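To start, the structure itself, in structure tokens.
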Amino acid sequence: MAAESTAYRAVDSRATAKWAGWINVGVAAVIMLATLPGRTQGLGLITEPMLRDLHLDRVTYANINLWATLLGAAICLPIGRLFDRVSLRTTTVALTLLLGVVVWTMSGLTGGALTLFVLVLATRALGQSALSVASITAVGKSFDRHVGVAMGVYSVLLSLLFAAAFTAVGTSVRVNGWRSGWAQVAMGLVLFAAPITLLLRERAGQTSIDDSNDDENSLTLASAVRTPAFWIFAGATSLFGLVSSGLGLFNEAVLAERGFDQQTYVRFLTGSSIIALIGQLGCGWLTLRWSMQRLLGLAMLIYAAALAALPVLTTQTHLWLFAVLIGLSGGMITVIFFAVWRRAFGVLYLGRIQGAAQMLTVFASAIGPLIFAQSASWTGSYFPAVWVLSPCVLLLSIAAFRVALPRLESC
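Under the working numbering, the first residue of the sequence shown is numbered 17, with each subsequent residue one higher.
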């Protein structure tokens, strides 16, 4: 009788973990959406009108963005440790509300490079760094063997949410001005994102969907950073972040250099986000059949091809072919970045490891806009930066095909 009761409780626990895990996927997608004002692409929606309004040049703003992002990245390691030790839900709600206050304050900014720096620093620290780690950790701690599938679904939700947000915020900025658009984002954080975060289901003991001894197999952060796999995956995703942040912040100006207007830029941003759905779904499905190394190598190869094509875009057809390559590769790299840390290093120190990886990508994303801004300042074009970076992407593609995961056999 006792054995039957124990078995029943075990089955019930797994069933509860299953639906709780999928609830966490949806909530985590909303948490990641809340990072929009702290992300390069989100800031890119207001960059041009804000620079005109505040009378700032691009290099000054790029330096503000650089240092704000670098300093904001410092929160990744302590916040990852915090998420491993205390309530993820309570901490995330507080971070979301704080970000809402910061964005609201930023919408009323009248001038001053120092004040802008402080506000951008706060959006980067709270959004791009802390809430990003919270979102990825929420899903990673809910799944094991099927983490790739879960991250694929999660990434699809992100694409849908961000596509809608890019369209809504971009349209609001164009029609009502950047201040009104940014104020609406702040209200969305407080009235929509923060309440939904309360639905997050906490992990108690071993309650992931896949009942495994993952805690016993987990690597510490110190052990993880001694493996080649950590640096190949972190390096590849960081380089992707570097390039995409540079292009993202100045995307409107980059496309204008090739003859495309602001409305085309917004459509491209929305369209490439939707195209990324295919990459995300395909990559999520392929994680059950292909190794993470092969998937990363393929994704970086496609991304290198996209970058090589960017300087020669001349027509709408060229632009949408570029959008397909960028969308597919970006979707795949996103899923891989979200999924590989649990697959390779286990769950026990997941917050710390993902925090370290996130910190590297944030550092890279800080450098990207400065590289592109200096390229434009020195040469009058953004494309010399692309010519230098695309071979680097190709080299990391080759490295990804050759590296091994430390926990490959147990996954």
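Backbone N, C-alpha and C define an ideal beta-carbon position, used for all residues, glycine too. Since the structure is predicted, the reported quantities are computational estimates derived from the model, not experimental observations.
Residue i to residue j span [Cα, whole Å]
| i | j | result |
| --- | --- | --- |
| residue 107 | residue 210 | 11 Å |
| residue 291 | residue 340 | 6 Å |
| residue 45 | residue 399 | 33 Å |
| residue 133 | residue 49 | 22 Å |
| residue 344 | residue 407 | 19 Å |
| residue 145 | residue 264 | 17 Å |
| residue 325 | residue 66 | 30 Å |
| residue 327 | residue 274 | 8 Å |
| residue 272 | residue 187 | 18 Å |
| residue 198 | residue 281 | 19 Å |
| residue 27 | residue 42 | Residue placement at residue 27 is poorly supported in this model, since its pLDDT is 43, which falls under 50; the coordinates are not used for a value here. |
| residue 76 | residue 114 | 26 Å |
| residue 190 | residue 241 | 44 Å |
| residue 200 | residue 411 | 42 Å |
| residue 222 | residue 364 | Summary for residue 222: the model assigns pLDDT 44, below 50, so the residue's position carries little reliability, and this model does not support an answer. |
| residue 421 | residue 371 | 19 Å |
| residue 428 | residue 68 | Absent from the structure is residue 428, since the part of the chain shown begins at 17 and ends at 427. |
| residue 109 | residue 385 | 30 Å |
| residue 225 | residue 97 | Confidence at residue 225 is low in this model, with a pLDDT of 47, below 50, so the placement of that residue should be treated as unreliable; the coordinate-derived value is given next. Distance between the alpha carbons of residue 225 and residue 97: 23 Å. |
| residue 360 | residue 235 | 9 Å |
| residue 195 | residue 126 | 10 Å |
| residue 117 | residue 418 | 46 Å |
| residue 90 | residue 101 | 18 Å |
| residue 278 | residue 308 | 37 Å |
| residue 208 | residue 38 | 19 Å |
| residue 60 | residue 267 | 7 Å |
| residue 319 | residue 405 | 11 Å |
| residue 483 | residue 103 | Nothing in the structure corresponds to residue 483, since the chain is present only between 17 and 427. |
| residue 239 | residue 147 | 25 Å |
| residue 335 | residue 287 | 11 Å |
| residue 357 | residue 135 | 31 Å |
Boundaries of the alpha helix (DSSP H) in which residue i is found, first to last residue
| i | result |
| --- | --- |
| residue 334 | 332-361 |
| residue 210 | 210-213 |
| residue 187 | 163-192 |
| residue 281 | 278-302 |
| residue 243 | Segment: none, residue 243 is in no alpha helix (DSSP H) and carries neither H nor E. |
| residue 85 | 74-89 |
| residue 64 | 56-70 |
| residue 146 | It is not in any alpha helix (DSSP H) - residue 146 carries neither H nor E in the DSSP assignment. |
| residue 306 | First-last for residue 306: undefined, no H or E at that position. |
| residue 131 | 129-139 |
| residue 364 | From DSSP, residue 364 is part of no alpha helix (DSSP H); its letter is neither H nor E. |
Whole-number beta carbon distance between residue j and residue i, since they are thought to touch under 8 Å
| i | j | result |
| --- | --- | --- |
| residue 347 | residue 313 | Not confirmed; about 16 Å, so no contact. |
| residue 416 | residue 154 | Actually they do not touch by this definition, with Cβ atoms about 26 Å apart. |
| residue 55 | residue 168 | About 21 Å separates the two Cβ atoms, so there is no contact after all. |
| residue 409 | residue 323 | 6 Å |
| residue 311 | residue 352 | 6 Å |
| residue 378 | residue 85 | 6 Å |
Distance CB(residue i)-CB(residue j) smaller than 7 Å
| i | j | result |
| --- | --- | --- |
| residue 112 | residue 215 | no |
| residue 149 | residue 374 | yes |
| residue 172 | residue 285 | no |
| residue 158 | residue 40 | yes |
| residue 300 | residue 156 | no |
| residue 257 | residue 380 | yes |
| residue 47 | residue 151 | yes |
| residue 255 | residue 369 | no |
| residue 367 | residue 99 | yes |
| residue 413 | residue 401 | no |
| residue 141 | residue 88 | yes |
| residue 283 | residue 36 | no |
| residue 349 | residue 315 | yes |
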